[in-house]
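*Asks:*
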Amino acid sequence: GMLWTAVNERDGLGDDLVPDYITSVKPAGFYGWPYAYFGKNKDPRLKGQRMDLVEKTLVPDVALGSHTASLGLAFYKGDKYPKKYHGGAFIGQHGSWNRSELAGYKVVFVPFKDGKPSGKMEDFLTGFIADAESGTVYGRPVGVTLLPDGSLLVADDVSGVVWKVSAK
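Here it is, written out as structure tokens:
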């Protein structure tokens, strides 16, 4: 099968740049760091350095929002969740630290069909933000993994809890 990764992109370009993402990993593929982001978008702080690499930069498969700190990634191989989850990707979003409004702080799901993304990202597990205005959070999901029984484990490194999400 194809190797996939979650990427926590760079900071310092504003609230809405640069989106974190998941992507398939191509042999010898170049994904931009540090010269470009999300395809051939040049990092303005590097003033046109290494244009040869910028031109080779691949566009990632799925944008997950800027500064979401999308870290954990697990593909659902079980059969306990509803059919729409089968083969799709769960992503733990640790959450932003440098945005004017909080982003992330949840687990999202991206549907896949035949090994490729097939629909829009959707929220799967939320409720980690206690008060968005003050920036208070109950937790920050980071790692996600699946158990043999088909349930999802979510590691939360703020509350010190591992959440188990099972289907009814």
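Under the numbering used here, the letters of the sequence shown match residues 666 to 833, in that order. For each residue, glycine too, the CB sits at the ideal point set by N, CA and C.
Answer yes if the region 779-792 comes into contact with the region 704-723, meaning at least three C-beta pairs across the two stretches below 8 angstroms, and no otherwise.
*Replies:* No, because fewer than three Cβ pairs between the region 704-723 and the region 779-792 fall closer than 8 angstroms, the two stretches do not touch.
*Asks:* With distances taken Cα to Cα, identify the nearest neighbour of Tyr770 among Leu668, Lys748 and Leu729.
*Replies:* Position 105 of the sequence shown, counted from the first residue, corresponds to residue 770. The option with the nearest alpha carbon to Tyr770 is Leu729.
*Asks:* Got a sec? Which residues, its chain only, sit under 7 angstroms from Val683 by beta carbon, not counting five neighbours each side?
*Replies:* Along the sequence shown, one-based indexing puts residue 683 at 18. Excluding residues within five positions, the ones whose Cβ falls inside 7 angstroms are Glu674, Arg675, Tyr702, Phe703 and Ser731.
*Asks:* With DSSP as the reference, label Val719 as helix, strand or coil.
*Replies:* As a working note, residue 719 is residue 54 in the sequence shown. Helix, per DSSP.
*Asks:* Quick one, which of Asp680, Val772 and Tyr746 has its alpha-carbon nearest Gly757's?
*Replies:* Locating residue 757 in the sequence shown gives position 92, counting from the first residue. Minimum Cα distance to Gly757 is reached at Val772.
*Asks:* Can you give the beta carbon distance from Asp654 to Ser765, rounded, assuming they're within the 8 angstroms contact cut?
*Replies:* With the chain running from 666 to 833 in the structure shown, residue 654 is simply not present.
*Asks:* Kindly indicate which three-state DSSP category Tyr750 falls into: helix, strand or coil?
*Replies:* Within the sequence shown, residue 750 is the residue found at index 85, counting from 1. Shown here, Tyr750 sits in a helix according to DSSP, grouped into three states.
*Asks:* Could you please give me the residues that DSSP links to Leu738 through a beta bridge?
*Replies:* In the sequence shown, counting from the first residue as 1, residue 738 sits at position 73. Answer is Ile756, bridged to Leu738.
*Asks:* Given a cut-off of 8 angstroms on the beta-carbon distance, is the pair Lys742 and Leu678 in contact?
*Replies:* Against the sequence shown, residue 742 aligns to sequence position 77. Against the sequence shown, residue 678 aligns to sequence position 13. Not in contact: Lys742 and Leu678 (Cβ atoms no closer than 8 angstroms).
*Asks:* For Asp708, is the classification buried or exposed, using 16 other Cβ atoms within 10 angstroms of its Cβ as the cut-off for buried?
*Replies:* Residue numbering aside, residue 708 sits at position 43 when the sequence shown is read from its first letter. Here Asp708 is buried, its C-beta having at least 16 other C-beta atoms within 10 Å.
*Asks:* Identify the residues that DSSP records as bridge partners of Pro801: which are they?
*Replies:* As a working mapping, residue 801 is identified with position 136 in the sequence shown. Per the sequence presented here, residue 801 reads as Thr, with Pro not at that position. DSSP lists Asp796 as partners of Thr801.
*Asks:* Is DSSP giving Pro692 helix, strand or coil here?
*Replies:* Against the sequence shown, residue 692 aligns to sequence position 27. It is coil, neither helix nor strand.
*Asks:* Secondary structure at Val711, three-state DSSP: helix, strand or coil?
*Replies:* Position 46 of the sequence shown, counted from the start, is the residue given in the question as residue 711. What sits at residue 711 in the sequence shown is Leu, not Val. If DSSP states are grouped into helix, strand and coil, Leu711 belongs with the helices.
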